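Have a look at the structure below before the remarks.
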Amino acid sequence: MEAEEALDVIRGGGVDAVIVGGPSGQQIYTITNADRPYRLLIEQMKEGAVTLSNEGLVLYCNEAFAALLERSAGQISGKPFNEFLIQTDIPLFEGLLNCSDGGRAIVTMVTAGRTEVPVNLSLSPLPDDSDARIVCGVVTDLRPLRQSTQQLAEAGLRLADQIAERERTEALLHQAQKMEVVGQLTGGLAHDFNNLLMIISGNLDLIRRRVTDEQMVSRLEQVLLAVRRGAKLTQQLLAFSRIQSLSPESVCINDLLPEIEMLVRRAVGSEIEVHFDLVEGLWSCRVDPNQLESAILNLAINARDAIRNGGSVRIATENMTLDTAAAAALGEIAPGKYVAITLSDTGSGMPQEVLSRVFEPFFTTKEVGKGSGLGLSQVYGFARQSGGHITIESKVDTGTAVRLYLPWTEPVHASGASFVETVEPLPPGHTKILIVEDDNELRELHLQLVEALGYAACTAGTGAEAIAIFERDSEISLLFTDILMPGGMNGYELAAEIRRRRPDIAILTTSGFPGHFLPDLDARRDDFDIIRKPFTQSELAAALLKVRVTVASLAEIA
0 MEAEEALDVI
10 RGGGVDAVIV
20 GGPSGQQIYT
30 ITNADRPYRL
40 LIEQMKEGAV
50 TLSNEGLVLY
60 CNEAFAALLE
70 RSAGQISGKP
80 FNEFLIQTDI
90 PLFEGLLNCS
100 DGGRAIVTMV
110 TAGRTEVPVN
120 LSLSPLPDDS
130 DARIVCGVVT
140 DLRPLRQSTQ
150 QLAEAGLRLA
160 DQIAERERTE
170 ALLHQAQKME
180 VVGQLTGGLA
190 HDFNNLLMII
200 SGNLDLIRRR
210 VTDEQMVSRL
220 EQVLLAVRRG
230 AKLTQQLLAF
240 SRIQSLSPES
250 VCINDLLPEI
260 EMLVRRAVGS
270 EIEVHFDLVE
280 GLWSCRVDPN
290 QLESAILNLA
300 INARDAIRNG
310 GSVRIATENM
320 TLDTAAAAAL
330 GEIAPGKYVA
340 ITLSDTGSGM
350 PQEVLSRVFE
360 PFFTTKEVGK
370 GSGLGLSQVY
380 GFARQSGGHI
390 TIESKVDTGT
400 AVRLYLPWTE
410 PVHASGASFV
420 ETVEPLPPGH
430 TKILIVEDDN
440 ELRELHLQLV
450 EALGYAACTA
460 GTGAEAIAIF
470 ERDSEISLLF
480 TDILMPGGMN
490 GYELAAEIRR
500 RRPDIAILTT
510 SGFPGHFLPD
520 LDARRDDFDI
530 IRKPFTQSEL
540 AAALLKVRVT
550 VASLAEIA
């Protein structure tokens, strides 16, 4: 007789035990040991297990189910199952219980501590022809699954935030790379371009001083004005690429704005109202005032072009302190104290696809010939090079607001006229100048400009040649040298060597691009005065006088 057959005989009540012979000897089957494997399996289940009567009374439950309800099995057995359900789920349970094929549903059970536990209840009736219908149930706690789902959702949100942050960082990197490429291109061309402008403007300046015909002088003035516009365009490109040398100083923007108010009003036109909202007690910021004026005018012109049929422009200042969180939200700015200037307009605004590109070089939505695409790029470069930041907000048909953040600094009170203005000019004949320039045309032009001022002069094409001339001629008392030169020695290195040999010599440097082309330029550029190309003869005269007076003053102090 097989074990299953023996179990059926015992359950039928015909016998109390069955003895079965086998290879390992006789095996005695009783109701207790026959059901033991099944009972062990049910008791070791992690899910709750119950048997219910046809009316829903709990006939049996395992320890897992009892633990789920924070009760003992004895406290549960014999009680209606729906006693442990929340009131609203009782109809769902009764429908499931009365279903001939059973089924499953998600219900909420209540523990002894009144904790509501979501569970998956699966009921399955045992096959039986009698009226004593038995229903088996499996109860699965859904809390771990829901917790895992919630954790997965939270992880998904964190991943989405990380992806968004990465995309934002990649966009900033892409923008920086584009600006670096354009900056390198601009820097490479700026020196040669300004040298050409220097040749044009310098020769025109010499010609203009010899021409007496008023009509001819007027035409020469127009050409010189065009040259100055060309030089300004180069400066804008250099400012955009963050490689233009700025002259930052302590500035209170509230003091600066009244000086350019008329320029702003003329730039936007009489049909547009201009309002200034200047906060009292505004801090000072460290910035190049000329570049700041240019940036404000650029923004004002952009606002004018965005306004149709009249509108208004508002320029406001305020003090701002950015903590770590605020700085991180803005991006590309360090925490600290800043002076903010905001220029807002009531113009047409910009859609998102345009707003995302406004700082790109040469990007413009204006008609051909009405915009270079360098205005906002220049302002962006100026703000970043100044150690600040720029943000822009815009809404179509509402307007645009551009905000500049400029780094705070201690205020510096003006001490009156400059030293050069208070000193009597020295006679030019007391100075012999050594001019060092590798470009033949520029070298000849500089010689003519200097001699036209009354100075004696000699020239050299390289640093080595200049040192040789300097050693032979003891009358040389001023060195005027270009910075970027071939031959293994730049102008700063030449100036340092000349000053080492004679500490009392006056030195003036020049360049079409006083930037960071050579490894030691950034460290040495503050050691010597510089005049930027293209310059006029008057500007050169003032620069030469300044370095001469400075050296003379130092000699008196020594």
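Under numbering that gives the first Met the number 0, think of the first position of the sequence shown as 0, with each following residue one higher.
Glycine included, C-beta positions come from ideal geometry on N, C-alpha and C.
For clarity, every value in this text was computed on a predicted model and none was experimentally measured.
Its Cα nearest to that of E164, the residue G330 stands out among G330, S246 and E69. Here the C-alpha atom of C284 lies approximately 41 Å from the C-alpha atom of L446. Around the Cβ of S473, a 10 Å sphere holds fewer than 16 other Cβ atoms; the residue is exposed. Among the bridge pairs identified by DSSP, H445 is matched with none. Between the segment 394–410 and the segment 454–472, the count of Cβ pairs shorter than 8 Å is below three; the stretches do not touch. Residue range E62 to L67 is occupied by the alpha helix (DSSP H) that includes A63.
Using a Cβ distance threshold of 8 Å, I89 and N97 do not count as a contacting pair. With a minimum length of 3 residues, the unbroken runs of beta strand (DSSP E) contained wholly in the segment 239–309 fall at 248–250, 271–277 and 283–286.
Exclusion of the five residues before and after G268 leaves R303 as the residues of its chain whose Cβ lies within less than 8 Å of its Cβ. Rounded to whole angstroms, the gap between the alpha carbons of G73 and T148 is 34 Å. Of the residues assessed, D481 falls on the buried side of the cut-off, its CB having 16 or more other CB atoms within 10 angstroms. The bridge partners DSSP lists for K394 are G398. For the 8 Å CB-CB criterion, Y404 and I332 form a contact. Counting the other CB atoms within 10 Å of its CB gives H388 a total of 16 or more, which places it among the buried residues. In this structure G511 is buried. Its beta-carbon is surrounded by 16 or more other beta-carbon atoms within 10 angstroms. Straight through space, the alpha carbons of P247 and T397 are spaced by roughly 35 Å. Here F534 carries a coil assignment [DSSP, helix/strand/coil]. Judged by DSSP in its simplified three-state form, N318 adopts strand. Membership of V109 in the beta strand (DSSP E) is indicated by the continuous run G102 to V109. Put simply, the backbone Cα of I271 is about 29 Å away from that of G229.
The C-alpha of A48 lies about 33 Å from the C-alpha of A154. The beta carbon of E115 sits closer than 7 Å to the beta carbons of I85, T107 and V109 from its chain, once the five residues preceding and following it are set aside; these are given in chain order.
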